[in-house]
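As they're listed, the protein sequences go chains W, L, A and X. With the numbering used here as the guide, the letters of the first sequence map in order to residues 1 to 281. With the numbering used here as the guide, the letters of the second sequence map in order to residues 282 to 562. With the numbering used here as the guide, the letters of the third sequence map in order to residues 563 to 843. With the numbering used here as the guide, the letters of the fourth sequence map in order to residues 844 to 1124.
Number of protein chains: 4
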Amino acid sequence: MAARIVQDNYGKSRVRLLKVDKRKPRHDIQSLTLNIALEGDFAAIHTTGDNSLCLPTDTMKNTVYALAGQTDEIESPEQFGLRLARHFLSTCDHVSLVRISINEHSWKRMKFADGEHDHSFIRGSKEERTAKIDATRDAETVESGVEDLVVLKSAQSGFVGFIKDAYTTLPEVSDRILATSIKANWRYGKVESVTDEVFHDIRKTILRVFADHDSLSVQHTLYAIGDTVLAEFSQIDEIAFSLPNIHCLPVDVSKFGVEDKNCIFIPTDEPHGLIEARLAR
Amino acid sequence: MAARIVQDNYGKSRVRLLKVDKRKPRHDIQSLTLNIALEGDFAAIHTTGDNSLCLPTDTMKNTVYALAGQTDEIESPEQFGLRLARHFLSTCDHVSLVRISINEHSWKRMKFADGEHDHSFIRGSKEERTAKIDATRDAETVESGVEDLVVLKSAQSGFVGFIKDAYTTLPEVSDRILATSIKANWRYGKVESVTDEVFHDIRKTILRVFADHDSLSVQHTLYAIGDTVLAEFSQIDEIAFSLPNIHCLPVDVSKFGVEDKNCIFIPTDEPHGLIEARLAR
Amino acid sequence: MAARIVQDNYGKSRVRLLKVDKRKPRHDIQSLTLNIALEGDFAAIHTTGDNSLCLPTDTMKNTVYALAGQTDEIESPEQFGLRLARHFLSTCDHVSLVRISINEHSWKRMKFADGEHDHSFIRGSKEERTAKIDATRDAETVESGVEDLVVLKSAQSGFVGFIKDAYTTLPEVSDRILATSIKANWRYGKVESVTDEVFHDIRKTILRVFADHDSLSVQHTLYAIGDTVLAEFSQIDEIAFSLPNIHCLPVDVSKFGVEDKNCIFIPTDEPHGLIEARLAR
Amino acid sequence: MAARIVQDNYGKSRVRLLKVDKRKPRHDIQSLTLNIALEGDFAAIHTTGDNSLCLPTDTMKNTVYALAGQTDEIESPEQFGLRLARHFLSTCDHVSLVRISINEHSWKRMKFADGEHDHSFIRGSKEERTAKIDATRDAETVESGVEDLVVLKSAQSGFVGFIKDAYTTLPEVSDRILATSIKANWRYGKVESVTDEVFHDIRKTILRVFADHDSLSVQHTLYAIGDTVLAEFSQIDEIAFSLPNIHCLPVDVSKFGVEDKNCIFIPTDEPHGLIEARLAR
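Structure (structure tokens):
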């Protein structure tokens, strides 16, 4: 008895695109990395090697460049992703679901004493704006988000009152460094609500709550951020977070004959706490 | 109205362990990286910052070392993972699900003309043996797998008969390089079926089918491998694959005045096809 | 006859430090990664395993934290590196040369509508400020620099008139993207000339010349930058550059039925050109 | 006064090549990454943007593929590097020095119960074989080496008798884990002495001395290895090592109520000791 295909998808990953809008002397640029995945009637490709319903992943890559070239202006990653998803659904009858995920890399225009430069740019932080489109012929779901948004607060963070057992060595601390690399994704109720403005306002809200919150744990701060975003942005149905703790271990410099003022820390990457939650109304 | 927690989990990631069995002059070593995640009654941690039901991730890390130290012999990653999962379930009443994922890194004993060395080892390939345990008080699910198992065949692979459209530039090829980095995970029907022998036999089967298959596409080879594993190993209920295509682009050296024998290639990392499927009986 | 030690050094690498200045409500932070290497009378360590003149690298690491804790204020990486170097020379008679290299990571204070935040920060770009100190009992050399300063210009760059041979396939282009990740190091004539102001002025000069130059090649731009820095900053004796070309390959979208406006590019990481030069007065 | 060019070079980095020898049913493969750098009369490129003596780095890349295609058989990296270097010197009169560095990646033929497979391969360890050629019209220097050769011994290693000062916290240990990632380069006296056999014999000698040595420090082991290689291989003039200490920190599990048998360790990547030396006759 032959194996049954429970689920399958295929596509092209890590498609890189740099688009330049040169219509005016002041250029604009956009740098994206895209992943495309299709679901559909692909059983024969697997079972008999019949590729007659196989759109090559190389063609998916070409499609990214072709569709990017069809517009002069630079679109938001969500807009471009929707356009790509609709293209594959409209041209491939046997495809039932298109999933596009896009990371937009940060570039900033150079600034000098005499103003901003027309066509010179400097790479921004590792933070990425993300967009994820899941499209079928019946429904389109759009998520926006941020990734690698690394933040740190040097006050208003503690961690006390936790479970103690035979393997506990962590001391309670009422004044610690809180640092994390924020990955957050929010789902819009309607495709029409997706705008750059909402994106930037939600991102700013995340930062503001992180900064102002009296944090009793990463979970506590995560919830405060998500609760605020859901309260302030009716466009959003759901928001999910994945927050690795970037532990900054205090060094007790008093053992080196120096007064310990809780100012010297060792940032570490591993091991690390990882706090994840999905919140909704 | 406060936000609702749809799902949450937290734990410790990238916990590294090196264990040495020194009971005999011939030492054995094992190198693992573990991720631990718990689900349970954590709502108050999020909403009010009440940590009375919060087991610190630092304690989870210590637990790994404590439990590793409790046995002299080296266990399989699946066995060690099950022991860890059962520990957290038995000591934390408020925890409902424990998820342990373990990557075992490859080390090989050094060999010389006069035989194998007692206590000197050399790092193996990047290939990792993986184990994933999902345990509740009612059920334990164990998956084993491989990751970063990079393989290549220089014959018996082609890709023809695919869809052509306005964006197609890929030529049909009947003799290409097929290379991928195999990630495969298989789920055992019963915890009792989990043995090192089954792991190694499945891994060998994956390699054998990859090597011998007349490949008409990555999907075609994926299915052939999964179908064979499910047919030969009744212990397995399901197997999933994630296969990035490591494209090796042929260089037409005839443009450089050299006869082209289809022997010179450029291996690339991006963009790359990605083929995924989950197969079951 | 025993082997002769031509040159040797040892030390601690990747020592990470986060220092917080908490003396005022408005905190300041600094994040560094340090490498320490010593040269000196270490022959017996190698030849006989006599460690009596071996300062453990673990102690070097502790010294970083001890000396960081000795000052409340945050020093420039150059100042801190000099202090470290002098410490090792003054406490270890058998050490003849201390080499300290420091990478300072970029963190920026969070800004909101009501102003800058007192103690919350966001990670900046991957660009790093570098400092390298080579100190003996007779001389101290200080180099400052930048690393991973990624820049791009979408106009004023071409590459024509180069050698053509049997293996040439590159077309001449008068309007291309120029992108690189600038690594630059400059050596100060005197330790007294090392200031934050000079650092920031040189960095700004590098960006300005990159932006404004009519580039005929990476070499041409490299030289223009270095020539300007040496002309404008008498404090500097020498400046060295390592400039990997981040090739952005144009996509001819006309083959996809779209008018080609030279606006769609594929950024690539490999292979890449690498242009290096050291300039002096 | 214009800046003076103290030193400059340019070339192509990260050129990847996969070559397959298909002359017999049993294929052979070789996977290389190459860096090419030229020195020569490049002043006008820098100072005036005159590219008439500029061989594009794109052409250097093409040359790799062209020359690889000229031979059916697979050459050693040293042979191929020499052929490349001589090509650039013979075709570019204005080039004075060619530096080729090559990393050969490890692939192994798949083995099954019925023998080795004709055309299926599995990726080996991260260890790389390296070759470096520096060629002028007067002289050719060849270095071979290994990189990322990760080794570990669980006995016969200690570290005692070192300097103690106010910042010392490291305890003396007579039984520790010694692990490192060996980078070693050796220079041949004559190009004629470069053979695969010598390469493999030196590599084996490095492993044997590492395994058998009673190590009192990384330096002690480094010297023992280098001294043996120089004594046993008259073809070699000089050998250099860069040995990062992969610290495996012992976990005192007795604090968790478990007898401590010095068997549980935490491998770490940072910070790490780094021991470097160059030895000669």
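Even glycine gets a Cβ: it sits at the ideal position worked out from N, Cα and C.
At a cut-off of 7 Å between C-beta atoms, residue 256 of chain W counts as an interface residue with respect to chain X. Of A/798, A/584 and A/663, the smallest CA-CA separation from residue 647 of chain A is found for A/663. Of the other Cβ atoms in all chains shown, 16 or more fall within 10 Å of the Cβ of residue 300 of chain L; this residue is therefore buried. Shown here, residue 422 of chain L sits in a strand according to DSSP, grouped into three states. Between residue 347 of chain L and residue 65 of chain W, the gap from beta carbon to beta carbon reaches 7 Å or more. Residue 689 of chain A carries a coil assignment under DSSP once its states are collapsed to helix, strand and coil. Residue 1037 of chain X is positioned such that its CB atom lies no closer than 7 Å to that of residue 989 of chain X. Pairing residue 1124 of chain X with residue 940 of chain X, the inter-Cα distance amounts to about 27 Å. Here the stretch 572-589 of chain A does not lie against the stretch 551-558 of chain L, with fewer than 3 beta-carbon pairs under 8 Å apart. One thing to note: residue 547 of chain L has its Cβ within 7 Å of the Cβ of residue 530 of chain L. Residue 750 of chain A has a beta carbon lying at 7 Å or more from every beta carbon in chain L. Counting only residues of its own chain and dropping the five nearest sequence neighbours on each side, residue 206 of chain W has a CB closer than 8 Å to the CB of 146, 149, 182, 184, 225 and 229. Look at residue 275 of chain W here: in three-state DSSP terms it is strand. X/967 is the residue among X/967, X/899 and X/933 whose C-alpha sits nearest the C-alpha of residue 874 of chain X. Around the beta carbon of residue 720 of chain A, 16 or more other beta carbons sit within 10 angstroms, so the residue counts as buried.
For residue 993 of chain X, the pairing in a beta bridge is given by DSSP as X/1024. Against chain W, the CB of residue 683 of chain A has a partner CB under 7 Å away; the residue lies at that interface. Any Cβ of chain W closer than 7 Å to the Cβ of residue 908 of chain X would place that residue at the interface, and such an atom is absent. Contact between residue 537 of chain L and residue 905 of chain X holds: their C-beta atoms lie close to 7 Å from each other, under 8 Å. The beta carbon of residue 223 of chain W does not come within 7 Å of any beta carbon belonging to chain X, so the residue lies off that interface.
In terms of beta-carbon proximity, residue 51 of chain W lines the interface with chain L, with at least one pair separated by less than 7 Å. At least one CB atom of chain A sits nearer than 7 Å to the CB of residue 248 of chain W.
Bridge partners of residue 665 of chain A according to DSSP: A/595 and A/692.
The C-beta of residue 933 of chain X comes no closer than 7 Å to any C-beta of chain A.
In this structure, the straight-line span from the alpha carbon of residue 25 of chain W to that of residue 341 of chain L is close to 57 Å. Judged by beta-carbon spacing, residue 976 of chain X lies beyond the 7 Å limit of residue 1029 of chain X, meaning their Cβ atoms are not closer than that value. Under a 10 Å Cβ-count criterion, residue 924 of chain X is classified as buried, with 16 or more other Cβ atoms of the shown protein chains found around its own Cβ. In the three-state scheme derived from DSSP, where H, G and I count as helix and E and B as strand, residue 855 of chain X is classed as strand. The beta carbons of residue 498 of chain L and residue 51 of chain W sit closer together than 7 Å. In the three-state scheme derived from DSSP, where H, G and I count as helix and E and B as strand, residue 244 of chain W is classed as strand. Note that the C-beta distance between residue 994 of chain X and residue 1076 of chain X is not below 7 Å. For the stretch 414-447 of chain L, the set of residues with a beta-carbon nearer than 9 Å to any beta-carbon of chain A comprises 447, in chain order. DSSP places residue 581 of chain A within a strand segment (E or B) once states are collapsed to three. For residue 292 of chain L, the chain W residues whose Cβ falls inside 8 Å of its Cβ are 273 and 274, in order along the chain.
Here residue 936 of chain X is not near residue 885 of chain X, since their CB atoms are 7 Å or more apart. DSSP places residue 842 of chain A within a strand segment (E or B) once states are collapsed to three.
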